[in-house]
Amino acid sequence: MDAPLLRFERVSKRYPAPARGAAQPAALAGLDLEIARGELLTLLGPSGSGKTTTLMLLAGFETPDSGRILLEGRDIARLPAHKRGIGVVFQSYALFPHMTVAENVGFPLEARNVPRGERAARVARALDMVRLPEYGDRRPAQLSGGQQQRVALARAMVFEPPIVLLDEPLGALDKALREEMQHEIRVLHQRLGLTMMYVTHDQSEALTLSDRIAVLAGGALRQVAAPRDLYDEPADAFVAGFVGENNSLPARVVSMADGVARCALEGIGTMPARAVGPLAAGGPCVLMVRPERLVLDAPEGLPAQLAEALFQGDHVRLRLVLPGGAEVIAKRPVGEAALPAPGAAVTLGWAAGDARAFRAEGPAR
Amino acid sequence: MTSRRTALLLIAPLLVGLLVGFVAPIGAFLWRAIADDEVAAVLPRTLAALRGWDGATPPDGAFVALAEDLREARAQDAATGAGGIARAAARLNAEWPGMRSLLPATGRRVTTPGEERAKILSASAEWDTGAPWRAIRSAGGPFTAYRLLATLDLRRDAAGDIVPTPEEQRIWRGILLRTLWISLSATLLCLLLGYPLAWLIATAPARAQPWLLGAVLLPFWTSLIVRTAAWMVLLQKEGIVNAALLRLGLLDAPLPLLMNRFAVLVAMVHILLPFMVLPIAAALRSMDPALPRAAASLGAGRLRIFLRVLLPLSLPGVGAGCLLVFIQALGFYVTPALLGGPNDQMLAWFIGFHANRLVDWGMAAALSVLLLGAVALVIGLYGRLVGFDRVRTA
Amino acid sequence: MRRRQIMGAAGAAALALPGTAARAQQRDLTVVSWGGAYQEAQREVYFRPWMAARNQRLLEETWDGSVGVLRARIQSGANTWDVVQVESEELLIGGEEGLFERLDWNAIGGRDNYIPQAVSDFGVGAILYSFVLAWDRERVREAPRGWADFFDTARIPGKRGLRKGPKTTLEIALLADGVAPAEVYRVLGTASGVDRAFRKLDSIRGDLAWWERGSQPPQWLATGEVALTNAYNGRIAAANAGDGRNFGIGWNQNLYTLDSWVIMRGSPNRQRALDFLAFVGQAQVQAQLPPKIPYGVTATGANALIPREVLQQLPTAPQNAAAALQIDDKFWLDNLDRLNQRFNAWVSR
Numbered sequence: 238m239d240a241p242l243l244r245f246e247r248v249s250k251r252y253p254a255p256a257r258g259a260a261q262p263a264a265l266a267g268l269d270l271e272i273a274r275g276e277l278l279t280l281l282g283p284s285g286s287g288k289t290t291t292l293m294l295l296a297g298f299e300t301p302d303s304g305r306i307l308l309e310g311r312d313i314a315r316l317p318a319h320k321r322g323i324g325v326v327f328q329s330y331a332l333f334p335h336m337t338v339a340e341n342v343g344f345p346l347e348a349r350n351v352p353r354g355e356r357a358a359r360v361a362r363a364l365d366m367v368r369l370p371e372y373g374d375r376r377p378a379q380l381s382g383g384q385q386q387r388v389a390l391a392r393a394m395v396f397e398p399p400i401v402l403l404d405e406p407l408g409a410l411d412k413a414l415r416e417e418m419q420h421e422i423r424v425l426h427q428r429l430g431l432t433m434m435y436v437t438h439d440q441s442e443a444l445t446l447s448d449r450i451a452v453l454a455g456g457a458l459r460q461v462a463a464p465r466d467l468y469d470e471p472a473d474a475f476v477a478g479f480v481g482e483n484n485s486l487p488a489r490v491v492s493m494a495d496g497v498a499r500c501a502l503e504g505i506g507t508m509p510a511r512a513v514g515p516l517a518a519g520g521p522c523v524l525m526v527r528p529e530r531l532v533l534d535a536p537e538g539l540p541a542q543l544a545e546a547l548f549q550g551d552h553v554r555l556r557l558v559l560p561g562g563a564e565v566i567a568k569r570p571v572g573e574a575a576l577p578a579p580g581a582a583v584t585l586g587w588a589a590g591d592a593r594a595f596r597a598e599g600p601a602r
Numbered sequence: 034m035t036s037r038r039t040a041l042l043l044i045a046p047l048l049v050g051l052l053v054g055f056v057a058p059i060g061a062f063l064w065r066a067i068a069d070d071e072v073a074a075v076l077p078r079t080l081a082a083l084r085g086w087d088g089a090t091p092p093d094g095a096f097v098a099l100a101e102d103l104r105e106a107r108a109q110d111a112a113t114g115a116g117g118i119a120r121a122a123a124r125l126n127a128e129w130p131g132m133r134s135l136l137p138a139t140g141r142r143v144t145t146p147g148e149e150r151a152k153i154l155s156a157s158a159e160w161d162t163g164a165p166w167r168a169i170r171s172a173g174g175p176f177t178a179y180r181l182l183a184t185l186d187l188r189r190d191a192a193g194d195i196v197p198t199p200e201e202q203r204i205w206r207g208i209l210l211r212t213l214w215i216s217l218s219a220t221l222l223c224l225l226l227g228y229p230l231a232w233l234i235a236t237a238p239a240r241a242q243p244w245l246l247g248a249v250l251l252p253f254w255t256s257l258i259v260r261t262a263a264w265m266v267l268l269q270k271e272g273i274v275n276a277a278l279l280r281l282g283l284l285d286a287p288l289p290l291l292m293n294r295f296a297v298l299v300a301m302v303h304i305l306l307p308f309m310v311l312p313i314a315a316a317l318r319s320m321d322p323a324l325p326r327a328a329a330s331l332g333a334g335r336l337r338i339f340l341r342v343l344l345p346l347s348l349p350g351v352g353a354g355c356l357l358v359f360i361q362a363l364g365f366y367v368t369p370a371l372l373g374g375p376n377d378q379m380l381a382w383f384i385g386f387h388a389n390r391l392v393d394w395g396m397a398a399a400l401s402v403l404l405l406g407a408v409a410l411v412i413g414l415y416g417r418l419v420g421f422d423r424v425r426t427a
Numbered sequence: 004m005r006r007r008q009i010m011g012a013a014g015a016a017a018l019a020l021p022g023t024a025a026r027a028q029q030r031d032l033t034v035v036s037w038g039g040a041y042q043e044a045q046r047e048v049y050f051r052p053w054m055a056a057r058n059q060r061l062l063e064e065t066w067d068g069s070v071g072v073l074r075a076r077i078q079s080g081a082n083t084w085d086v087v088q089v090e091s092e093e094l095l096i097g098g099e100e101g102l103f104e105r106l107d108w109n110a111i112g113g114r115d116n117y118i119p120q121a122v123s124d125f126g127v128g129a130i131l132y133s134f135v136l137a138w139d140r141e142r143v144r145e146a147p148r149g150w151a152d153f154f155d156t157a158r159i160p161g162k163r164g165l166r167k168g169p170k171t172t173l174e175i176a177l178l179a180d181g182v183a184p185a186e187v188y189r190v191l192g193t194a195s196g197v198d199r200a201f202r203k204l205d206s207i208r209g210d211l212a213w214w215e216r217g218s219q220p221p222q223w224l225a226t227g228e229v230a231l232t233n234a235y236n237g238r239i240a241a242a243n244a245g246d247g248r249n250f251g252i253g254w255n256q257n258l259y260t261l262d263s264w265v266i267m268r269g270s271p272n273r274q275r276a277l278d279f280l281a282f283v284g285q286a287q288v289q290a291q292l293p294p295k296i297p298y299g300v301t302a303t304g305a306n307a308l309i310p311r312e313v314l315q316q317l318p319t320a321p322q323n324a325a326a327a328l329q330i331d332d333k334f335w336l337d338n339l340d341r342l343n344q345r346f347n348a349w350v351s352r
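Protein chains in written order, with my numbering: chain G, 238 to 602; chain L, 34 to 427; chain Y, 4 to 352.
Structure, rendered in structure tokens:
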């Protein structure tokens, strides 16, 4: 693998406490992260996880307390924002309302003293790229949200930055538009070979777009992996619960064999699951299984009652109640033949490789 | 329909209040700028005698009428102190210079009836010419533009054409220009001081903002007179400023800080500064805070961010602030009167002078029209250059 | 004369003795005069003694003249003045226009208590002062005998100072041309009389210097700028007494005028105002003013109480009043505009 385009080295940041005495947890604690040239990396995490801080530090709007940020081998951690040459797309788009679309897109070129003629040509090319060639003379206020977002993209790319940061850029758009834009960003990324760092709290968006996803929680990096791997092989219970839907059941390890733990659910039954991380027999664990991996008519499994079946178009979502009241969600394809009627008793089961047993954590953030 | 009527009924007290308390008195006052009743009140018979006159040789009847009018007016004046003849004479003087003394002088000759023509001619042979009679006729009312013309240093000549007043009598254009100039200076100084202050307020931490705003608004909570008087105390020859400068050895003798343009501008800027700061701060605060960051990320340094992003986006606030400050400055009265010298008095002072000292309500009203016209012009210019839709952020 | 001396506080700088203040309902008697050294003398001789004698307070104000000010006070209904000292022209106009209360002469000692010039329907004379012929004895050895010598540049060479304006100037020209004082205004009322006055002025046109402020004539005499000049008698006396000058005063054919006290129309203090005027109309009270400032006073019998050397400096001394001419305000009221035009044209020619 090439030398990474960008590398965070033990980067830490703590904001001043808003009130005296109140200890402020570190916004970012010793982050190590690499981004390869041409990669689209998503920072995923709930609010307060440190993803926005990471972006702020990279864009130069904040300075780290310690650590280095290497861009093409050069430490930029203490360089002012306007000297970093990094493109940023903001959640609010941050288009200059008093300038036309063309002036907005031309602004970074103007700041770099690009001659007028060349500027116009590059602005036109950038607007072509985001499929807004006729909109140069409009004002941002005359554009739709999606169009504004594309202008913001064009503006962040037009000066050919080594990396483009996107801070929840699709947060303000409705679902259909969001999907269209996700596609568009993906296409741009591929066509231009752009390196992008994408920040979002929306895991499905992250799964759709990313080459790799970095999951952050509590200021620390939990896992970096390709979407598929992240989904299938989460490193811990937090990642498993945050990325994609998962049923999470508290259990106790009864025995361990060949990486498979037999987990006892109190008063219900015992089921197998692949053990992730160090697990000891007799200790508590969290058993996680994705709804689409659940089998309702297992020969051997957990007794449950179907509480309701919700038609979702492409699939049916089933709510099941275990003895003791714990709920489990299952998904079945629509075409499947006989679904039990609500109130029916079923036997829940799964293949051992489809479930994961994690070490039990404190309450996940 | 009914709901509209109800709404109309609900705001009716407000409308009536506005009409009675605001529109009507101001309208009545401004009416006096064009009302022309001084001569008609004193010389009704004369005006009647001159009706249908060809303007050449004065008719005999006019002499008798004039004598009767003057006799009655003299008696009236002596009994009431109303000064009707003096007012009519001052009005006629604008039509025909010399009438200010001729009319009262003529009145002194005709105190007893009989021999009217001879008595009047003994005051001045000019009564035998058409000129004084024509002056009486043209000042007979009911309306006149002469005061409004006078405020622009214009008058009508004998032929009725509008001509500039003689050079040595021109004052109002100079005073209008002075008023505009002082207002403009105060506005620019307010902008110079107010913009950084507004920036400080808009970018201060949320907890500090109320305090900073309070500091700016503090002057609002003291009366204008008190603030002006405070400057008198500060700036006088034995005042704090001079004492401090002398103590520091920066001066050998106290500076004349009072009774000049400097003192007027200092106090005006102090009084008007909030009107500049608040709209600019509002404009800056309503701005997306991501914009300066976006500009920085796109490669713009501090200066470029200010010039290309912050300044243009705060322009509506700047415009609103300048408009507010300038228009208020135009009407300043107390501050120049207390802190300025004779060459620092603004139009409002002369309005007050005409109203209070000279009891010349007509001219006071005409000067008010001039001031109102200046304000309207400024607002119109602003609307033309900036547009009112851009004020809304303020 | 006074308004040229003062020009201090243009506004109404109300001042009073320590501890006095206007009460809202019944305000104190307010007396308005010309300020400066003159009002200081009045304060000592009139105001303070009256307050002490009546155990009443009195507010002082100053003004610069102009009938417009009085007119504005009456017509705006915002008058706070009770007794005002006015010039003769203001007395005349204000009386015609009803700005003053008609004087109750019985309340102030009767008409006979005053010299005839001081008596009119609306005002009582306060002081009398003159335009005199003045020269510097150090420079002009041979004293001029009258206005005829003023025009005789062969007898007394040098420049001549006159007040800029037709008033006093045209009278002086006619007196110098041999018109008897009693005839001056009759002659000046005719076109030929005016021509005659200007012809006389033409004869020394190149030697004339025009003063506009009362302080100028003594200054010009002191520097030798003019050999002879028309001047206020008080100014010349003050220069002799205060600056050690040796200026001569020619009383022959001096032109005099009076300032008068009036009571403003509608004054709520009318009775007290009359009492004040009665007090200051007493001969023994008035006699104390001239030693402080050389103006003639108006009570009959006052002259007898004035020291001889002081009296000689006053326009009211019998020998000074003998050949004097009272300036005719009515004439000037009717003719000032017209003659001003003619005069200005003549000066600028």
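Even for Gly, the Cβ is constructed at its ideal location relative to N, Cα and C.
Residue-level contact to chain L via CB, residue i, 8 Å cutoff
i: Y/Asp331; result: no
i: G/Gly322; result: yes
i: Y/Asp205; result: no
i: G/Arg247; result: no
i: G/Val513; result: no
i: Y/Asp337; result: yes
i: Y/Ala16; result: In this prediction, Y/Ala16 has a pLDDT of 35, which is less than 50 and means its spatial position is unreliable; what the coordinates show is noted afterwards. Judged by the 8 Å Cβ criterion, Y/Ala16 is not in contact with chain L.
DSSP state of residue i mapped onto helix, strand, coil
i: Y/Lys333; result: helix
i: G/Arg244; result: strand
i: Y/Asn233; result: strand
i: L/Arg188; result: strand
8 Å Cβ cutoff met for residue i and residue j
i: L/Val72; j: L/Arg124; result: yes
i: G/Glu516; j: G/Leu539; result: The sequence shown places Leu at residue 516 of chain G, rather than the Glu named in the question. Not a contact, by the Cβ cut-off of 8 Å.
i: L/Ala156; j: L/Glu128; result: no
i: L/Leu346; j: L/Met320; result: yes
i: L/Met301; j: L/Ala370; result: no
i: Y/Asn233; j: Y/Thr171; result: yes
Whole-Å CB distance - residue i paired with residue j, under 8 Å assumed
i: L/Gly117; j: L/Val75; result: 5 Å
i: Y/Phe279; j: Y/Trp53; result: 6 Å
i: G/Val338; j: G/Gly310; result: About 36 Å; that fails the 8 Å criterion.
Buried versus exposed call for residue i [16 or more other C-beta atoms within 10 Å across all chains shown]
i: L/Leu428; result: Given a span of 34 to 427 for chain L in the structure shown, any question on residue 428 of chain L remains unanswerable.
i: L/Phe421; result: exposed
i: Y/Ala24; result: Confidence in Y/Ala24 is poor, its pLDDT being 41 and thus under 50, which makes the residue's placement unreliable; the coordinate value appears in the next sentence. Classification of Y/Ala24: exposed, given that the 10 Å Cβ count is below 16.
i: L/Ile195; result: exposed
i: G/Glu598; result: exposed
i: L/Tyr179; result: buried
i: Y/Ala27; result: Note on Y/Ala27: pLDDT 39, under 50, position unreliable in the model; the coordinate value appears next. Y/Ala27 comes out exposed.
Below-8 Å beta-carbon distance, residue i vs any chain G residue
i: L/Arg337; result: yes
Closer than 8 Å to chain Y by CB, residue i
i: L/Ser134; result: yes
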